[in-house]
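Have a look at the structure below before the remarks.
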Amino acid sequence: MGHLIIAEKMSAAIRIASSLSDGKVTRVKYGTTSLLKFKRENIDYSVLSLRGHIIEIDFPNSYSNWRIDKLKEMADVKPVEQVKFKGLDSALAKMNQESELVIIATDFDREGEAIGVETLRLMGRDNDVKRARFSALTRSELLESFNHLVEVDYNLAESAEARQIIDLIWGATLTRFFSIETKRLGRDFVSVGRVQSPTLSLLATRELEIRNFLPENYYELGIFIKNAKFLFSGNPIKEKNEADSLLIRLKTVKKALIKEITENERKIYRPTPFSTTEFLKEANKMGISVERAMAIAEALYQHGKISYPRTDNTVYPRTINLKAVLTQLEDSYLRKEIEALKSESRLIPSRGRVETTDHPPIYPTSPMKKNELKGDYFKIYDLIARRFLATLAENAEVVDKEYTALADDLLFSYTASKVKITGWMSYYPFVYYQEREDPSLGKGEEYELSNPFLDEKTTLPPPRYSQGSLIEKMEKEKLGTKSTRHDIIQKLYDRGFIEGNPIRVKALGMAMAETLLLNSVSIAKPEMTAKLEEEMDAIANGTKSKEEVVEDSRVMLKGLLDDLIGKSGSIREKFNQTFNEERVIGKCPKCGSNLVVETGRNYRYIKCEGPAKDFFYFLPKSGKIELTDGKCPECGLFLIKVIRKGQKPELRCVDPKCKYNSAKEVFGKCPSDGGTLVLRRSGKGMKFIGCSNYPTCKVTLSLPQKAEVFPTGKTCDVDGFPIAKFKFGSREVELCLNPKCPSRRGTGD
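Note that the sequence shown covers residues 50 to 798 in my numbering.
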C-alpha cells in the first residue's frame, strides 16, 4: 500500500510529483482518470488530479417548475448531491482501499479544503488523512510542506459547504420570485444573489447620485510670476461678482512681493505588500479586467511563478527569506533593478494593516526571462514582481518649496516640488510623481506680475466605480470574499446588469436595483450579507456549526420571502416602470414616440414604441450606443455614436444599409476571388477587414485598433490589395491593407 496525494488541478499535480520525486514520474491510467506515480524514501506515491469541485448540489427534480407557491418550501429543502465526473466515485473507492495514507494537497483556503473533504467523503475515508499546506508551488516550499504535514481543517471545509448551500437556496429562490413577478422567464430570467444584489445596489446608488447631482459654478483666481502659476488663497470663490471684482483689481497691479518662502521635506511612503484586493485594483488600472487578472494570477501560481493569489495578508511572514527571494530573482530581466535595490536599501519590508496566518501577500516565487511571458501574462507578473521590489525599497523623499506672494493686499501661493530620493518609485513605474519647477524667487523681492486670470469651474459628481474601486468597496462592506468578488462582478456583466469600465448600470440593472432599494428589500443592503459572512467565519473558527448557520439563513430567507410576497404588486410595478424608462434613448423621427434599444444574445436593434411601430433598425452588436442631434447627409435619418473601449467613437447612420456607412466600410476588390473587402467587427468589437464572400473566401486582414481607417479607391501595385488611409491621431499615412505586404516593411504601422 502507498500514499495517495489529492491535488486540485493537473498543473499543481505535475509540480507536486516532480518536486517530490526529482522528476522521475510516470502517468498511468486508472479507471476513468489517471494518476502520476513516483517513489520517495521507498514509499510508492500516487497523485490524483481533480478539476475543482467533484460534487455539485442542486434542488431535487420535483422543484424544476418555477412556481410562487413552492418558494417558501424551497427555503427548507435539503439540496441533493451529484458526482460531476462519471466513474470517479468508484475509482476513489478503489484508491481508498489501496492507500495507507491520503494527503490533501489542494489550495489552502475554504474552497480547497472543501474540495479535499468532498474527496474524502466520496472515498469513505475518515482516518489516516493528512494535509500538505503550502502557499507557493515551488520545490522548496512543497518539500517543506510534505515534510511537515498537518491535520485537515474540517471546520474550514464546512464553512465553504455552508456558503454553497446558502448561496444555492437564496439565489434560486429569489431569482425565481423576481423572474416570475416581472414575467421575465426562460433566457430572460432576472438573476438575484446574496452578494450579487447588494453589489448591484451599490452601483445603482452611485448612478442615481450622479444623475441627481446639481453642479455648481465656482471660480479660481491666479497670477503668473516668472511663468509660475500662483493661486489666490481665497479660492474657491463662489460668487461671480466677487471674482470679477478681484480680477479687475489685479489688472491694475504691476508687481508682486514674495512675502514668505517655506521649505519642507516629506516622505512618499512605499506601498504595502499585495493582498488580492490591492492586486486586482492595480491590475485594473492597467486596463486588465479583475476577472482576467485573477485568472492570469491563478495560472502563474499553478506554474510556480507567484505565490497563492487569494490572500488578505499585507505583512510578509518571517518564514519567508525575502533576501533569498530577491537573490533568486536576479536571474531575470530585473537584474539591474535588484542590484540597485541591494545597494540602496536596508531591505526591511513595508507592512500593511492586515496580518493573517493562512497565506503570505502575493509575491514572485520564480525568476522570469522577458520573453517567457507575453501580453497580459507578462504585465501581471511584472506588476507583482515590481510591487515586491517596491515593498523592500526605501521611502521616496520630496522637497516642497512654498512661495507666498502679496499683490494689492491679496495673498497668492505656489509650491515647487522636487524629488530628493526616488526610493521605491524607481522600481514601481506604475506611479508617477509630477515635479513642479522652482522659479527661484527671493524673499522680500518684488517681481513683475503677469497674466492675472479667472478660471470658471464646475463641481463634479462622484465618479463611477471602476472594477478596481468596486472590489475595494466590496471588501469594505464585507460583500463576498477575496476568492469570489471578481467573479461576482463578472456575473453582473454576463447577466446584462452592467457595462463598461468605469461601470455603467444598464436598464435591467437599474430596474432590478431600484425595485430592491425603493421597496426596502433587505437583500439590497450589505448588512444582511455581511452578517451571513460573519456566521460562516464562525464555522471556520469552530464557534458555530454548519447546521446552525444554514438553519439561521433559512429562517432569514423565509422572513424575506414574506416581505417580498407582501410587496409583490409594488415590486412588479416599480420594475416595469423603471425598466421601460431606462430603455428610452430618444424620440422617433417619424411619430415622436419613444425609441428603445432591445438586446438579445446575438442581436441588438432600435425600435419605435408608438402604435405604428414604423421605425426598426439593427444596431452594431458591440459598444455603447448614443443618439446624436446630427442628421445623415445621405438619407436624413439621425446619426448614432458607437463608443468602444480603446477606439475612437464611431459616427454612423442609424440605418446600417445607408451609403453613409458603406462609403466608410467598403475598401475595394479582394484579389483572392474578386469579392468585396469590407470593414467588419468581431463579437468583442475588434475591427478587421474581411471578404464579402465569406465563408467561401476566408481572406481576413488585421487592423490597428486605435487607428481610423478610410478607403482611398487605390490599389497596391505589389500584391493587388486596396490601399487605405490610416489616421494615427494627427498623423496620416496611406498603406496597403495587407499587413504582410512587402510595401509595408519598415513603416512601423
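Positions of the beta carbon are idealized from the N, C-alpha and C atoms, including for glycine.
In DSSP terms, what residue i is bridged to
i	result
Q351	None, per the DSSP bridge assignment.
N313	D449
T725	K718
S95	L53, K86
K680	F687
Y79	T82
A456	L459
G740	Correcting the residue type first, residue 740 is Cys in the shown sequence and not Gly. Its beta-bridge partners are L726.
Y496	A305
F238	DSSP output for F238 lists no bridge partner at all.
A773	P760, L784
Distance, residue j Cα to residue i Cα
i	j	result
L198	Y365	22 Å
K354	S139	35 Å
F437	L306	48 Å
A181	A154	5 Å
L422	S394	29 Å
E160	L191	20 Å
A712	C790	24 Å
L150	D177	5 Å
T222	S148	42 Å
G517	M335	10 Å
H102	I63	19 Å
R402	Y709	58 Å
P660	N629	16 Å
T578	P760	55 Å
M605	E505	53 Å
P698	T677	12 Å
L249	S571	13 Å
Y112	E210	21 Å
F227	K616	11 Å
Of the listed residues the options, nearest to residue i (C-alpha basis)
i	options	result
D107	V74, E90, M172, K133	K133
H535	K428, R64, P511, M523	M523
K580	E526, V554, L610	E526
A465	V448, L455, V480, V767	V448
E714	G739, K492, N176, T321	G739
L519	F667, T508, I537	I537
S208	K747, V633, S499, S594	S594
P511	A253, Y652, A589	A253
I55	A163, S381, V767	A163
E315	N196, G472, I369, I337	The sequence given here places Arg at residue 315; Glu does not occur at that position. When only C-alpha atoms are compared, the closest one is G472.
T363	A373, P320, E386, K385	P320
F281	A373, S499, L503, L186	L503
Neighbourhood of residue i by C-beta, 8 Å cutoff - its chain only, sequence neighbours within 5 removed
i	result
R603	A124, D125, I218
L371	Y365, L396, P398, L441
G545	K555, L557, G558, T648
P358	T325, F328, M343, A346, E347, L349, Y350, I411
F279	G271, I272, F273, A305, Y452, A454, F461, S462, Y463
V259	A quick correction: the sequence has Ile, not Val, at residue 259. Result list for I259: P510, P511, R513, in chain order.
Coarse secondary structure for residue i, derived from DSSP in three states
i	result
F227	helix
G161	helix
T761	strand
T248	helix
V646	strand
F108	coil
Q131	strand
A465	strand
N290	helix
I218	helix
F281	strand
R653	strand
F579	Note on residue identity: the sequence assigns Ala, not Phe, to residue 579. Helix.
L396	coil
L438	helix
T507	strand
Close-in-space but distant-in-sequence residues of the same chain around residue i (CB under 6 Å, 5 per side omitted)
i	result
T311	E451
K179	I152, L198
R730	K736
Y426	I345
S184	S356, Y357, H408, P409
D202	E162
Contacts around residue i, its chain only, beta-carbon distance under 7 Å, and the 5 residues preceding and following it disregarded
i	result
K623	E563, T564, L567, N568
R632	A556, V645, V646
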